[in-house]
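Right, one structure below, let's go through it.
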Amino acid sequence: MGNKQISARNALRYGDLYTRLSAVVMGAGLIGHKQIVKGLLVLLFQAAFVFYMINTGIHSLSMMPSLGTQEQGKVWNEAKQIFEYTTGDNSQQILLAGVVALFVIAAIIVLWILQMRHSYKIQLIKEQGGHVPTLKEDLRSLLDQNLHMTLMTLPCLGILIFNIVPLVYMISMAFTTYSKEDNHLMLFDWDGLHQFQRVLNMNGNIGRQFWHVLAWTIVWAIFATFLNYILGMILAMIINRKDTKGKGFWRFCFVLSIAVPQFVTLMIMNIMLQPSGAINVLLQNLGLISSPLPFWQNAMWARITIIVINLWVGIPYTMLQVTGILQNIPNELYEAAKMDGAGPVRIFFKITLPYMLFVTTPYLISSFVGNINNFNVIYLLSGGGPTYVGDTAGQTDLLVTWLYKLTVDQQYYNLGAVIGIMTFIILTIVTLVTYRNSTSYKNEEAFM
Amino acid sequence: MTTMAEKNRMSPRRRAVNVLVHLLLAVLALIWVLPIFWIILTSFRAEPGAYTNTFLPQGYTLNNYVKLLTDRNVLNFPKMFKNTLIIAVCCCICSTFFVLSVSYSLSRMRFRFRKPYMNIAMILGLFPGFMAMIAQYFILKAMGLTEGSLIRIGLIIVYSACTGLGFQIAKGFFDTIPRSIDEAAVMDGATQWQVFTRITMPLSKPIVIYTVMTSFIAPWVDFIFAKVLCRANADQFTVAIGLWNMLQKEYIYQWYTCFAAGAVLISIPIAALFLYMQRFYVEGMSGAVKG
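Chains as they are written, first to last, in this note's numbering: chain X, 1 to 448; chain F, 1001 to 1291.
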């Protein structure tokens, strides 16, 4: 295909008449080079795009800067003796339409580049007297060397429409006044970085709550990740000891607790630990305590209870996951340590733990991320409570559960979006830092 | 294998450690099994209400199950069960196709978008799930999928649309199948599609079963998105919202023991599925971690 790279720029520079024509009439290059069906399809897309832009797209984009100005009106209808509401602008729909329009434009640009390249490629094949694939061959290649296109198109569309577009839409909300505060649910405006300032400002009410929640989120994630990890590993080692009888039975007991759906066990735990719940009743009947323990009423109690219950939830998972890896630790390492007279505790900290950390760093990172975003445990156990009067965040709320409360319960969408973005930034930093450290760790101390 | 002779030779200290370890395991196992045991007892409890003065029930009855399955006026559990089943079956078909397609492509095909796709998937995974949830609701609303029985379609779309991001375990499995098998088939004139459907799939039964089951279970255990999407449309509720509602203030006294019954009924099949597929999970995990 010569030395020329196949790119949209080269297509414009060196393309023949048809190829250059397709810069304006998409698909012209393909039709001109006898790939008629493909060319018509591309042209159809362009036509649909133009139709969309004229019909709604241009309007949607033009509304983006103002996000609507028409307030919902209230007009007294003399004949019916009632107030009638006139429809005003709905900023939330305008914003969504605008985001969608931007994505449609991005999509057509990608399509434009692809068809330019393709057209140029076919032109080059033709110039060199090569064989231009027929429609039949193209279709067949979709089941052969281009199978990934067939397989990945739908999943990618799903991710684009139901993950990327919503995320961009939600992120854009962070820069608006879209909130129940000051009644901006119907009509809102761009607001720049004001909400970010509010969240980061330690002296304001929201900012104070944010730093509190953030601190607890990080404490929680560290405890939840590492306690589960180490205790789960110890449990797995105890069960796998040579002298332990009935390994299968013990494993079954622990696995049973994760086989039951998590939301069921968590809701049960919540009820059991209420002031008049089963645990308090049991302890009182046994005469161990005289008044109920404040599992969910006191902030410190609630925090510790949550971490302990999360151990109940998480240890069996860790046990399942590390059992196989533990058995991979080379036996010579243990034997050498025993020869040197190391006790079980020393062996654990000098051999087992470093080896496991070395192998399971990716798992630890993903479980740390999972814990920062651990909605179920907090929401179903304490509901974020106890909550002080005037706060939207409770004492055990994580960033995610606070995000949920802010958006679903309070309808402070802009603040919720800011919290979401902050969570993302924190997770990105944590992930990057640990990945970088784990590679340097790998270089220093090679186990394999 | 420890023979009797060896056992006798065991030092007293070692024997003491063994007894201690088994005692510890027994206590731990009790702690882990107790809540499950307690909920099963509660589901047969005769006295109503969430809180009683005794840890163990005073009387036993089957009425909780009967009420749960026949009372259609307040919280229509049979209807919720039907809703969830429909959603779960559809989801299961879509997600399985999505997950297997994406994992196979990423594992076996080499194309320009491959690395970017995996990076994008990792970045998207760092966003809290709820960020997208609220906006997904608005998008479904703009599509008109938030009213009446269309809610079901909305839920199916939401549960399956993004499953293409969860390719790691299945990809890890496909990576372990030797490529030489594919190459031999291609030499014999098989297309990639034939390799995928006739060679890789039959070799990957465990991971197919695992994917089918996880995607089937998802709608049964998610209640957050279902709650946001269903709002007050009680006839569209899924089992998880129903169970959650039974614990709310207005229902808890009447429905608490029924909640326990419902929890037991839902947990039995899910627990059975989970126990069956845990080995695939373990294999997938250790495979993925070993990289």
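From the three backbone atoms N, C-alpha and C, an ideal C-beta is built for every residue, glycine too.
The structure displayed is predicted, hence computed values, not measured ones.
Residue environment for residue 1235(F): exposed (fewer than 16 other C-beta atoms within 10 angstroms of its C-beta).
Judged by DSSP in its simplified three-state form, residue 1113(F) adopts coil rather than helix or strand. Neighbours of residue 263(X) in chain F, taken as residues whose beta carbon is under 8 Å from its own, are 1221, 1223, 1240, 1243 and 1244 in chain order.
Contact of residue 233(X) with chain F is not assigned, every C-beta pair being separated by 8 Å or more.
The beta carbons of residue 1160(F) and residue 1091(F) sit about 5 Å from each other, so the pair counts as a contact at 8 Å.
For the region 1149 to 1169 of chain F, residues whose beta-carbon sits nearer than 8 Å to a beta-carbon of chain X comprise 1157, 1158, 1160, 1161, 1162, 1163, 1164 and 1165. Following the DSSP letters along the chain, one finds residue 370(X) inside the alpha helix (DSSP H) bounded by residues 353 to 372. The beta carbon of residue 64(X) sits closer than 6 Å to the beta carbons of 98 from its chain, once the five residues preceding and following it are set aside; these are given in chain order.
At a C-beta separation below 8 Å, residue 383(X) has no neighbours in chain F, since its nearest C-beta there lies roughly 11 Å away.
Residue 146(X) sits in coil when the DSSP states are folded into three classes, being neither helix nor strand. Here residue 1045(F) is bridged, per DSSP, to 1060(F).
Secondary structure at residue 74(X): strand, using DSSP grouped into helix, strand and coil. Spatial neighbours of residue 232(X) in its own chain (CB-CB distance under 6 Å, excluding positions within 5 residues in sequence) are listed in chain order as 315, 318 and 319. Residue 164(X) and residue 1068(F) have their C-alpha atoms spaced approximately 40 Å apart. Residue burial is scored here from C-beta neighbours: residue 1168(F) has at least 16 other C-beta atoms within 10 angstroms and is therefore classed as buried. A straight line joining the alpha-carbon of residue 373(X) with that of residue 1129(F) spans about 8 Å. Apart from the 5 residues on each side of it in sequence, residue 195(X) sits with its Cβ closer than 7 Å to the Cβ of 174, 414, 415 and 418 in its chain, given in chain order. Bounds of the alpha helix (DSSP H) holding residue 305(X) are 299 to 326. CA-CA distance, residue 342(X) to residue 434(X), rounds to 30 Å. Fewer than three beta-carbon pairs drawn from the region 382 to 390 of chain X and the region 350 to 362 of chain X are found closer than 8 Å, and the two stretches are therefore not classed as touching. Neighbours of residue 158(X) in chain F, taken as residues at a C-beta separation under 9 Å, are given in chain order as 1094, 1098, 1157, 1160, 1161, 1162, 1163 and 1164. At least one beta carbon of chain F lies nearer than 8 Å to the beta carbon of residue 161(X). Residue 1207(F) counts as buried, since at least 16 other C-beta atoms from the protein chains shown sit within 10 angstroms of its C-beta. Closest in alpha carbon position to residue 121(X), among 246(X), 390(X), 429(X) and 33(X), is 33(X). Here residue 270(X) is buried: its Cβ has 16 or more other Cβ atoms, across all protein chains shown, within 10 Å. Three or more beta-carbon pairs separated by less than 8 Å are not found between the region 104 to 113 of chain X and the region 1146 to 1158 of chain F, which leaves the two stretches without contact. For residue 1096(F), the CB contacts under 6 Å within the same chain, skipping 5 residues up- and downstream, are 1211, 1212 and 1215 in chain order. Taking a C-beta distance under 8 Å as the contact criterion, residue 1053(F) and residue 213(X) do not qualify as a contact pair.
Those residues of the region 242 to 264 of chain X placed with their C-beta closer than 9 Å to a C-beta in chain F are 242, 243, 244, 245, 246, 249, 250, 252, 253, 254, 255, 256, 257, 258, 259, 260, 261, 262, 263 and 264, ordered along the chain. According to DSSP, residue 190(X) shares a beta bridge with 176(X).
Within the same chain, Cβ atoms closer than 7 Å to the Cβ of residue 142(X) are found at 149 and 150, the five residues on either side in sequence being excluded. Taking the Cβ atoms as the reference, residue 1048(F) lies roughly 17 Å from residue 272(X), outside the contact range of under 8 Å. Under the 8 Å criterion on CB atoms, residue 214(X) is classed as non-interfacial with respect to chain F.
Put simply, the region 153 to 163 of chain X does not touch the region 132 to 142 of chain X. Fewer than three CB pairs are less than 8 Å apart.
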